[in-house]
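A short write-up of the structure that comes next.
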Amino acid sequence: MSELADLLTYYNVIFLLKGMATTFALSALGCILGGLFGTALAVARLTTGPLTLPLRALALVFTEFFRRVPFLVTLMLCFFIFQFSGLDVSTFTVGCVTVVLIGTAFLAEIVRAGLQSVHPNQWHAAETMNFTLLQTIRYVVLPQAWTVILPPAFGFFILFIKDSALASQIGVIELTYVGKVFNNRGFSAGVSFGVILVAYFMLSYPLSRLGAKLEKKLGSSRTR
Amino acid sequence: MAHLELDNISAAYGKLRVLDGIDISVGSGETVGLIGPSGSGKSTILRVLTGLLKPEAGQVRVGGEPINFDKPAEIRRLRDRAAIVFQQYNLFQNLTVLENVMIAPTKVRGRKPRDVRPEAEHLLAKVGLADKINSYPDQLSGGQQQRVAIARGLCLKPEILLLDEVTAALDPELVSEVLDTIRGLAEDGMTMLIVSHEMGFIREISARVAFMADGKVVELGSPAQIFDAPEKERTRDFVGKILRH
């Protein structure tokens, strides 16, 4: 207990909060931008006709590629590409680009599956009334797809908070990195990573509660 | 001049030919019934007329104007003029009855909700659902949902109404309420093409009846001709079987 008190000095707490903020920023960027880009890719994959074929192909290749490559490999790939390109960017930027790439690929698939779970007759009805694809998605399909999209999406968000720990491998000072630093400063692994564990929980628990609330709220819009 | 004409229309699902040289015309304010065994292509005709399936050959004309199915703008124009009511109602499950009826005129056609609302309420009253405007589709019976679907189609002010086996998914006791609604539309002079297995109703409401089999119109004539004195053996066979049941 005294070791824990020793660890929680003013400067260590500030360091810990900075690590938490970095983890939060990485996760939030991955989820928000990944959600936006992922939705765009999901919609691209639902287009029809020869004109949008290149778009569909690009969306499919992107989604399938980045869902299959491990997070760490994508991170290293981004790291070395930035290094070779000569662009002087921070490791945090490299981490951000990586989480957005991964988040986009996974969320594109979650959103696509959700949109396609809505019965084809709903799409047909909208089409025969001259709804555009985007109008169909906005007014008809998405409100009915939330119940299918939200549970895996929030599961992914929470997984993502934990996966962002890998950014420590390229030197991003996020939560896991902070744990390593505490450990290197002589605190026991149990206390160092125990504190980190609690911090991860504090980040992910409100998110899972938000997910449950949204599921309840948006899921109550009627679906059949 | 015919309001709606199908001239030698052929269509296929992949390699499966489902319509093979269909010729049907519907006059303005006329009701034409389509009957025939399952898989004869009746519903496919309605899919072509709503742009859900592109014909391989032939021509569709509305008010004498040919429709080019390669041009999305012409398909949209066709859909503006012809509304369809589906067998499974296809109401938007996330919207109330009133929202279902109002959404296309407001969001797609860009009309003001305050202009559309009285029309939607009037139509819902006309189909006997004035007290259900705030209900969701899954709170309604099949017959009520089908009448909402009809009101939704009518709120788009179509020139032509296409009805695809609108009573097929209903319990027998709910059929009459939907048929009464359609009867009222026919009396109001709506141009209609009706696919149905309700032979008594088709006979009563249609000015002409087309009997279809294997993607072709086998016989087209007055209800009296088709049901009482069919000329073709295939029609006699079908009508005979139906009337025996």
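Line order of the protein sequences matches chains A and B.
Reminder that position 204 of the first sequence reads as 204 in full-length UniProt numbering, one-by-one numbering, no gaps.
Reminder that position 33 of the second sequence reads as 33 in full-length UniProt numbering, one-by-one numbering, no gaps.
Ideal Cβ positions, reconstructed from N, Cα and C, are used throughout, including at glycine.
(message) By DSSP's criteria, residue 217/A is part of a beta bridge. Which residues make up the other side?
(response) Sequence index remark: in the first sequence, residue 217/A carries index 217 (1-based). Bridge partners of residue 217/A: none, in fact.
(message) Taking CB distances under 7 Å as the criterion, tell me whether residue 121/A reaches chain B.
(response) Translated into the one-based positions of the first sequence, residue 121/A becomes position 121. Closer than 7 Å: yes.
(request) Would you identify the three-state DSSP class for residue 183/B, choosing helix, strand or coil? (result) Along the second sequence, read from residue 1 onward, the residue named residue 183/B stands at position 183. Three-state result, residue 183/B: helix.
(message) Quick check: what's the CA-CA separation for residue 159/A versus residue 50/B?
(response) Your numbering for residue 159/A matches position 159 in the first sequence. Your numbering for residue 50/B matches position 50 in the second sequence. Computed Cα separation, rounded: 45 Å.
(request) Using alpha carbons as the reference points, say which of 8/B, 195/B and 201/B lies closest to residue 60/B. (result) For this step, residue 60/B is matched to residue 60 along the second sequence. Comparing Cα-Cα distances from residue 60/B to each of 8/B, 195/B and 201/B, the minimum goes to 8/B.
(request) Output the boundary residues of the alpha helix (DSSP H) element that contains residue 83/A. (result) Looking up residue 83/A in the first sequence gives position 83. Looking at the DSSP string, the run of the alpha helix (DSSP H) that includes residue 83/A is 71-85.
(request) Identify which residue in 127/A, 10/A, 31/A and 24/A has its Cα closest to the Cα of residue 152/A. (result) Within the first sequence, the letter at position 152 stands for residue 152/A. Ranking the options by Cα distance to residue 152/A, first place goes to 31/A.
(request) Verify the CB distance criterion: does residue 223/A have a CB-CB separation below 7 Å to chain B? (result) To locate residue 223/A, count along the first sequence from 1; it is residue 223. Note that residue 223/A has pLDDT 49, beneath the 50 cutoff, so the model's placement of it is unreliable and the number below is only indicative. Yes, because at least one Cβ of chain B sits closer than 7 Å to the Cβ of residue 223/A.
(request) For residue 35/A, count neighbouring C-beta atoms within 10 Å of its own C-beta (all shown protein chains included) and say buried if the count is 16 or more, exposed if not. (result) Translated into the one-based positions of the first sequence, residue 35/A becomes position 35. Its Cβ being crowded by 16 or more others within 10 Å, residue 35/A is buried.
(request) Using DSSP bridges, identify the partner residues of residue 219/B. (result) Start at 1 with the first residue of the second sequence, and residue 219/B comes out as number 219. Per DSSP, 211/B.
(message) In this structure, how does DSSP classify residue 234/B when only helix, strand and coil are distinguished?
(response) Taking the second sequence and counting its residues from 1, the one referred to as residue 234/B is at position 234. Residue 234/B falls in the helix class under three-state DSSP.
(request) Taking only the alpha-carbon atoms, compute the straight-line gap between residue 210/B and residue 56/B and give it to the nearest angstrom. (result) In the second sequence, residue 210/B corresponds to position 210, counting from 1. In the second sequence, residue 56/B corresponds to position 56, counting from 1. Cα to Cα, the separation comes out at about 21 Å.
(request) Could you tell me whether any Cβ in chain A is nearer than 7 Å to the Cβ of residue 92/B? (result) Walking along the second sequence from the start, residue 92/B turns up at place 92. Taking Cβ atoms only, chain A reaches closer than 7 Å to residue 92/B, which makes this a yes.
(message) At a CB distance below 8 Å, what residues from the segment 50-66 of chain B approach chain A? Give them in sequence order.
(response) 50, 51 and 52
(request) Give a yes or no on contact between the segment 41-48 of chain B and the segment 203-214 of chain A, applying the rule of three or more CB pairs nearer than 8 Å. (result) no
(request) Could you check the C-alpha separation between residue 192/A and residue 7/A for me, to the nearest Å? (result) Position 192 of the first sequence, counted from the first residue, corresponds to residue 192/A. Position 7 of the first sequence, counted from the first residue, corresponds to residue 7/A. About 8 Å.
(request) Taking 7 Å as the cut-off, decide whether the C-beta atoms of residue 149/B and residue 85/B are in contact. (result) Taking the first residue of the second sequence as 1, we reach residue 149/B at position 149. Taking the first residue of the second sequence as 1, we reach residue 85/B at position 85. Yes, the pair counts as a contact, with Cβ atoms nearer than the cut-off.
(message) Does residue 90/B come out as helix, strand or coil in the three-state DSSP assignment?
(response) Residue numbering aside, residue 90/B sits at position 90 when the second sequence is read from its first letter. The answer is coil: DSSP assigns residue 90/B none of H, G, I, E or B.
(request) Please state if the CB of residue 83/B and the CB of residue 128/B are separated by a distance shorter than 7 Å. (result) Along the second sequence, one-based indexing puts residue 128/B at 128. Along the second sequence, one-based indexing puts residue 83/B at 83. For the 7 Å CB-CB criterion, residue 128/B and residue 83/B do not form a contact.
(message) Rounding to the nearest angstrom, what Cα-Cα distance links residue 151/B and residue 144/A in this structure?
(response) As a position in the second sequence, residue 151/B is number 151, starting the count at 1. As a position in the first sequence, residue 144/A is number 144, starting the count at 1. Distance between the alpha carbons of residue 151/B and residue 144/A: 22 Å.
(message) Going residue by residue through the segment 107-182 of chain B, where are the continuous beta strand (DSSP E) segments of at least 3 residues, counting only ones entirely within it?
(response) 160-164
(message) Do residue 87/B and residue 5/B count as a contact pair if the criterion is CB distance below 7 Å?
(response) Residue mapping note: residue 5/B aligns to position 5 of the second sequence, counting from 1. Residue mapping note: residue 87/B aligns to position 87 of the second sequence, counting from 1. No.
(message) Quick check: residue 92/B and residue 140/A, are their CB atoms within less than 7 Å of each other?
(response) The residue you call residue 92/B lines up with position 92 of the second sequence. The residue you call residue 140/A lines up with position 140 of the first sequence. Contact: yes.
(message) Suppose contacts are defined by Cβ-Cβ distances below 7 Å. Is residue 178/A in contact with residue 75/A by that definition?
(response) The count along the first sequence starts at 1 and reaches residue 178/A at position 178. The count along the first sequence starts at 1 and reaches residue 75/A at position 75. Not a contact, by the Cβ cut-off of 7 Å.
(request) Please name the residue, chosen from 52/B, 174/B, 48/B and 135/B, that lies closest to residue 48/A on a Cα-to-Cα basis. (result) Here residue 48/A corresponds to residue number 48 of the first sequence, with the count starting at 1. The residue with the shortest Cα to Cα distance from residue 48/A is 52/B.
(message) Measuring straight from C-alpha to C-alpha, what distance separates residue 200/A and residue 86/A?
(response) For the purposes of this step, residue 200/A is taken as residue 200 along the first sequence, with counting starting at 1. For the purposes of this step, residue 86/A is taken as residue 86 along the first sequence, with counting starting at 1. The straight-line gap separating the alpha-carbon atoms of residue 200/A and residue 86/A is approximately 34 Å.
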